[in-house]
Amino acid sequence: MPENEHSIAFRRSINGGSVEMPIYFRFIGLADKQRLVDFFHSHTEETIYSRYGMMVREMSPQRALELVQLDGHEQLAIVGLDGHTDAARIVAIGRYALDPATNLAEVAFVVHEQYRGVGIAKHLLRHLAQLIYIKGFSGITAQMLSSNRPMQQVLSDVLGHAEKTTSICGETTMIYRFKEGAAGFSRASAQ
191 MPENEHSIAF RRSINGGSVE MPIYFRFIGL ADKQRLVDFF HSHTEETIYS RYGMMVREMS
251 PQRALELVQL DGHEQLAIVG LDGHTDAARI VAIGRYALDP ATNLAEVAFV VHEQYRGVGI
311 AKHLLRHLAQ LIYIKGFSGI TAQMLSSNRP MQQVLSDVLG HAEKTTSICG ETTMIYRFKE
371 GAAGFSRASA Q
């Protein structure tokens, strides 16, 4: 497995039994353009509304290209795949974009409905937070619908108590600022 990839087996209960689901994580790349379009079109309307705050009907090839063609510093994305072959599907994605005015990285993530509830979002956020911390950014911000309690819970579970939370017109913004050594992060790590 290449250096920028790693695999974690998540456990899921199915029909009264427990099944291991290996998910392969790596940075997004140009080869993921069609996978990203397919991932978008696999979402329910509820997932699209929760993620975007409005009904987005289509992901154009141009928009998909913009979302996979990232600089790796100010913008970065990690995909979770259900395999490591050419046929692998994206089942989760986490990304950040730096706001240079605040030096805060805005994070967003989405996990396919069939893969929720096993810790994938928390894993993505931990990995993104470590990368954001290593790059020397001041912290993390996230915007979501106020009704998106699962995302708020993931943020709280991974990052702790938000320094600031504001809710306006049905949208919540949470801000987390890093402190040296906070949450087990180390600027010396380069994972």
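Residue 191 is where the sequence shown starts when you use this note's numbering, and the numbers rise one by one after that.
Glycine included, every Cβ here is placed at the ideal spot set by N, Cα and C.
query, result
"Cβ-Cβ separation, I280 to L321 (assumed contact under 8 Å), whole Å", "With a Cβ gap of about 19 Å, L321 and I280 do not count as contacting."
"Where M341 sits in the DSSP three-state scheme", "helix"
"R339 burial status per 10 Å Cβ neighbour count (16 or more: buried)", "exposed"
"Reduced DSSP secondary structure (H/G/I, E/B, other) of S232", "coil"
"Segment limits, alpha helix (DSSP H) that includes R253", "251 to 258"
"Buried/exposed call for D222, threshold 16 Cβ in 10 Å", "buried"
"Paired residues, beta bridge with I217 - DSSP", "Note on identity: in this sequence residue 217 is Phe, with Ile being the wrong assignment. According to DSSP, F217 bridges with I268."
"Residues bridged to G284 (per DSSP)", "I268, F299"
"Spatially closest choice to V348 from F217, E361, R216, H317, by CA coordinates", "H317"
"Expected contact under 8 Å - CB spacing of R216 and V269 to nearest Å", "6 Å"
"For K354, the three-state DSSP class (helix, strand or coil)", "strand"
"Nearest-angstrom Cα separation, counted from Q304 out to D272", "11 Å"
"Per DSSP, the bridge partner or partners of G329", "L294, R367"
"Beta-bridge partners of G289, as assigned by DSSP", "Checking the sequence, you will find Asp at residue 289 rather than Gly. The partner list for D289 (beta bridge, DSSP) reads L294."
"Status (buried if at least 16 other CB within 10 Å, exposed otherwise) for T275", "exposed"
"Q259 beta carbon less than 8 Å from that of E296", "no"
"Spatially closest choice to L331 from T237, T355, I324, H233, by CA coordinates", "For the sequence presented, residue 331 should be read as Thr rather than Leu. Comparing Cα-Cα distances from T331 to each of T237, T355, I324, H233, the minimum goes to T355."
"Backbone CA spacing between G262 and S328 [nearest angstrom]", "17 Å"
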